[in-house]
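**Student:** Submitted below is the structure of interest, expressed as structure tokens.
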Amino acid sequence: MTRETLPSPGQGRDGEGSGSLRPQATGSAGAEWPLWEVFVRSKAGLDHKHCGSLHAPDAKAAIQLAREVYTRRQEGTSIWVVRSDQIVASDPGDKDMYFDPMVDKVYRHPTFYELPESVNHM
Amino acid sequence: MTSSIALKPNADAQYVLRLADTCLVWSHRLAEWCGHAPVLEEDIALANHALDLLGQARALLTRAGQLEGQGQDRQYSEDQLAYLRDERDFVNVTLAELPNGTNGRGDFAFTVLRNFVLSSWALLMWQHLAPSRDAELAAIAGKAVKEARYHREHAADWVIRLGDGTEESALRMQAALDRLWPYTNELFDSDEVDRAAAASGLGPDGASLREAWLADMQTVLSEARLPLPPKSAYRSEARCGRHSEHMGRLLAEMQVLQRSHPGGRW
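Protein chains in written order, with numbering that gives the first Met the number 0: chain A, 0 to 121; chain B, 0 to 265.
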């Protein structure tokens, strides 16, 4: 969707702005709100799980909008957001060398142990 | 067409009805943004806010119906109160019924300012209703106060972002503020209904909330670099049943289904 440019506090009042009145702002890619990844913890003791992403102008707004978008059906008790451009990802091109060698290493799974009966919840 | 119901509200019922109608009509205006807000995320936020208000309105209308029906041989439900009353029997504040913008176009500046003005007021109202002698009303307030606290914060953040934003956004915010400010007087009007509520411990007299509300306005609007408009002598009176010209159209849209298909369910 096309996003209008929405300002941040302080923007344009401290001499940075051109001073000219902008007409209805047009959504150029460079002026879009940054993308944030959203992690939600469903209840105390569980991990924060990645549940999606959204656009927001700053961190506080990102938390609020994540609350609106991802927790309105009681999904959460805690939210993390992180700028998407701050995430370092593995290169899909490295998939062969990174992950394929693990395919035939079944001995790395603890399937060859017999658990004593007294050990629960493994 | 289903004929209208006529009310004979006692002071308690009228007091609750004013609050209920303000939530209902404000909810309706916010719901009009659904699918039209400037960004997808805020679209969902506005719809969530509208649904919170609708939930508050439902509980309040139910309570108002119970209070109104005391000593009578009938009791109106929330649906009957929302859909079958005529305009003169609605008693929301005028600010809630004003259109989102002018000339049929939504004005986001006006919308976030109204949300801020009304949710700041609503937060104070719910806080003062928590110790109400009416246990039902106190319970509604206990739940709504958390919703209102969030609504106020989200709206205040927008007011600051857009007021202290670009030259263009500041101009639009100031214009919206000047337009809505005269309607804020009505929030703090006080008549025999308010005074009776305060005297009997049902809820606060609106006038007693003004000082705290104004302090909240001054804090946030000054951070937003929006000068407070001068005090206005204008008095709107929708809470006494005398509405702006916009209310009729709002009700036509809100009520048409129940009026044309009485009791319709799907």
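The C-beta atom is built at its ideal place from N, Cα and C for all residues, glycine as well.
By how many angstroms is the C-alpha of serine 77/A removed from the C-alpha of serine 2/B?
**Tutor:** For the purposes of this step, residue 2/B is taken as residue 3 along the second sequence, with counting starting at 1. For the purposes of this step, residue 77/A is taken as residue 78 along the first sequence, with counting starting at 1. Their backbone Cα atoms lie some 49 Å apart in a straight line.
**Student:** Within the chosen definition, does the region 12 to 27 of chain B reach the region 47 to 67 of chain B through at least 3 CB pairs nearer than 8 Å?
**Tutor:** Contact holds: three or more Cβ-Cβ distances are below 8 Å.
**Student:** Give a yes or no on whether the minimum CB-CB distance between glutamine 63/A and chain B is below 7 Å.
**Tutor:** Here the question's residue 63/A lines up with position 64 in the first sequence. By this cut-off, glutamine 63/A is an interface position.
**Student:** Leaving out five residues before and five after arginine 264/B in sequence, what residues of the same chain have Cβ atoms less than 8 Å from its Cβ?
**Tutor:** For the purposes of this step, residue 264/B is taken as residue 265 along the second sequence, with counting starting at 1. Nothing meets the Cβ criterion.
**Student:** Where alanine 251/B and valine 39/A are concerned, what is the direct C-alpha to C-alpha distance, given to the nearest angstrom?
**Tutor:** Reading the second sequence from its first residue, position 252 is the one you call residue 251/B. Reading the first sequence from its first residue, position 40 is the one you call residue 39/A. For alanine 251/B and valine 39/A, the distance between alpha carbons rounds to 41 Å.
**Student:** What do you reckon, is the C-beta of alanine 12/B under 6 Å from a heavy atom of the ligand HEM?
**Tutor:** The model on display carries no ligand, and the ligand HEM is accordingly not part of it.
**Student:** Count Cβ pairs between the region 57 to 75 of chain B and the region 102 to 116 of chain A that sit closer than 8 Å; are there 3 or more?
**Tutor:** No contact exists between the region 57 to 75 of chain B and the region 102 to 116 of chain A.
**Student:** CA-CA distance, glycine 64/B and glutamate 185/B?
**Tutor:** Counted from its first residue, the second sequence places residue 64/B at position 65. Counted from its first residue, the second sequence places residue 185/B at position 186. Approximately 24 Å between the Cα atoms of the pair.
**Student:** Taking only beta-carbon atoms, is glutamate 40/B less than 7 Å away from chain A?
**Tutor:** Start at 1 with the first residue of the second sequence, and residue 40/B comes out as number 41. It does: the Cβ of glutamate 40/B has a partner Cβ on chain A nearer than 7 Å.
**Student:** Any idea what DSSP makes of lysine 42/A, helix, strand or coil?
**Tutor:** Position 43 of the first sequence, counting from 1, holds the residue named residue 42/A. Of the three classes helix, strand and coil, the one that applies to lysine 42/A here is coil, per DSSP.
**Student:** Hey, would you say leucine 112/B sits closer than 7 Å to alanine 10/B, going by beta carbons?
**Tutor:** Your numbering for residue 112/B matches position 113 in the second sequence. Your numbering for residue 10/B matches position 11 in the second sequence. No, they are not a contact pair.
**Student:** Determine, using beta carbons only, whether glutamate 67/A comes closer than 7 Å to chain B.
**Tutor:** Here the question's residue 67/A lines up with position 68 in the first sequence. Yes, glutamate 67/A lies at the interface with chain B (some Cβ there is under 7 Å from its Cβ).
**Student:** Using the Cβ count rule (16 or more neighbours within 10 Å means buried), how would you classify asparagine 102/B?
**Tutor:** Counting from 1 along the second sequence, the entry for residue 102/B is found at position 103. With fewer than 16 other Cβ atoms within 10 Å, it is exposed.
**Student:** Where do the N-terminal and C-terminal ends of the alpha helix (DSSP H) with cysteine 239/B fall, by residue?
**Tutor:** On the second sequence, residue 239/B is found 240 positions in, with the first residue counted as 1. Neither: cysteine 239/B is in no alpha helix (DSSP H) and is coded neither H nor E.
**Student:** Rounded to whole angstroms, how far is the Cβ of alanine 55/A from the Cβ of tryptophan 35/A, which I believe are closer than 8 Å?
**Tutor:** Translated into the one-based positions of the first sequence, residue 55/A becomes position 56. Translated into the one-based positions of the first sequence, residue 35/A becomes position 36. About 6 Å separates the two Cβ atoms, so the contact holds.
**Student:** Under DSSP, the beta strand (DSSP E) around tryptophan 79/A begins and ends at which residues?
**Tutor:** For the purposes of this step, residue 79/A is identified with residue 80 of the first sequence, where counting begins at 1. Taken as a continuous stretch (DSSP letters only), the beta strand (DSSP E) holding tryptophan 79/A covers 77 to 82.
**Student:** Measuring only the C-alpha atoms, how far is histidine 242/B from glutamate 86/B?
**Tutor:** Residue mapping note: residue 242/B aligns to position 243 of the second sequence, counting from 1. Residue mapping note: residue 86/B aligns to position 87 of the second sequence, counting from 1. Their Cα atoms are separated by approximately 8 Å.
**Student:** Looking at C-alpha atoms only, which residue of Gln79/B, Ala5/B, His48/B is the closest neighbour of arginine 258/B?
**Tutor:** Sequence index remark: in the second sequence, residue 258/B carries index 259 (1-based). Here the closest residue by C-alpha is Gln79/B.
**Student:** Between the beta-carbon of valine 144/B and the beta-carbon of phenylalanine 115/B, is there less than 7 Å?
**Tutor:** In the second sequence, the residue the question calls residue 144/B occupies position 145. In the second sequence, the residue the question calls residue 115/B occupies position 116. Their beta carbons are not under 7 Å apart, which means valine 144/B does not touch phenylalanine 115/B by this criterion.
**Student:** Output yes if chain B places a C-beta closer than 7 Å to the C-beta of leucine 20/A; else output no.
**Tutor:** Here residue 20/A corresponds to residue number 21 of the first sequence, with the count starting at 1. Bear in mind that a pLDDT of 33 at leucine 20/A, under 50, signals an unreliable position, so the number given afterwards is only what the model happens to contain. Yes - at least one Cβ of chain B is within 7 Å of the one on leucine 20/A.
**Student:** Counting only the same chain and skipping the five closest in sequence on each side, list residues whose C-beta sits under 6 Å from that of tyrosine 233/B.
**Tutor:** Here residue 233/B corresponds to residue number 234 of the second sequence, with the count starting at 1. Taken in chain order, the residues that qualify are Pro181.
**Student:** Going along chain A, which residues have a C-beta under 8 Å from aspartate 156/B?
**Tutor:** Here residue 156/B corresponds to residue number 157 of the second sequence, with the count starting at 1. Result: Lys59, Ala60, Gln63.
**Student:** To the nearest whole angstrom, what separates the beta carbons of arginine 269/B and glycine 34/B, a pair I think is in contact under 8 Å?
**Tutor:** Because chain B here runs from 0 to 265, residue 269/B falls outside it and cannot be looked at.
**Student:** Taking DSSP's pairing of strands, which residues face isoleucine 4/B in a bridge?
**Tutor:** By one-based count along the second sequence, residue 4/B stands at place 5. DSSP lists Arg84/B as partners of isoleucine 4/B.
**Student:** Using a 10 Å radius around the Cβ and a threshold of 16 neighbouring Cβ atoms, would you call asparagine 91/B buried or exposed?
**Tutor:** Walking along the second sequence from the start, residue 91/B turns up at place 92. Asparagine 91/B is buried by the Cβ-count criterion.
**Student:** What residues from chain A crowd round alanine 44/B, counting only those whose CB sits closer than 9 Å?
**Tutor:** In the second sequence, residue 44/B corresponds to position 45, counting from 1. Correct list: Gln63, Leu64, Arg66, Glu67, Val68.
**Student:** How about glycine 162/B and leucine 225/B: do their beta carbons lie closer than 7 Å?
**Tutor:** In the second sequence, the residue the question calls residue 162/B occupies position 163. In the second sequence, the residue the question calls residue 225/B occupies position 226. Result yes, Cβ atoms of glycine 162/B and leucine 225/B sit closer than 7 Å.
**Student:** Please report how far the alpha carbon of arginine 2/A lies from the alpha carbon of methionine 124/B, in whole angstroms.
**Tutor:** Along the first sequence, read from residue 1 onward, the residue named residue 2/A stands at position 3. Along the second sequence, read from residue 1 onward, the residue named residue 124/B stands at position 125. Confidence at arginine 2/A is low in this model, with a pLDDT of 46, below 50, so its placement is unreliable and the value that follows should be read with caution. Whole-angstrom Cα-Cα distance: 36 Å.
**Student:** Identify the contact partners of histidine 153/B in chain A, using a Cβ-Cβ distance below 7 Å as the criterion.
**Tutor:** In the second sequence, the residue the question calls residue 153/B occupies position 154. Those within 7 Å of histidine 153/B in chain A are Gln63.
**Student:** Which residues does DSSP pair with lysine 48/A in a beta bridge?
**Tutor:** Walking along the first sequence from the start, residue 48/A turns up at place 49. Per DSSP, Val39/A.
**Student:** With distances taken Cα to Cα, identify the nearest neighbour of aspartate 106/B among Ile43/B, Thr93/B, Ala129/B, Leu170/B.
**Tutor:** Taking the second sequence and counting its residues from 1, the one referred to as residue 106/B is at position 107. For aspartate 106/B, the nearest C-alpha among the options comes from Leu170/B.
**Student:** Along chain B, in chain order, which residues have C-beta atoms closer than 9 Å to that of histidine 54/A?
**Tutor:** Indexing the first sequence from 1 puts residue 54/A at position 55. Correct list: Val38, Leu39, Glu40.
**Student:** Using Cβ-Cβ distances below 7 Å, what residues of the region 46 to 59 of chain B are close to chain A?
**Tutor:** Listed by position along the chain: Asn47.
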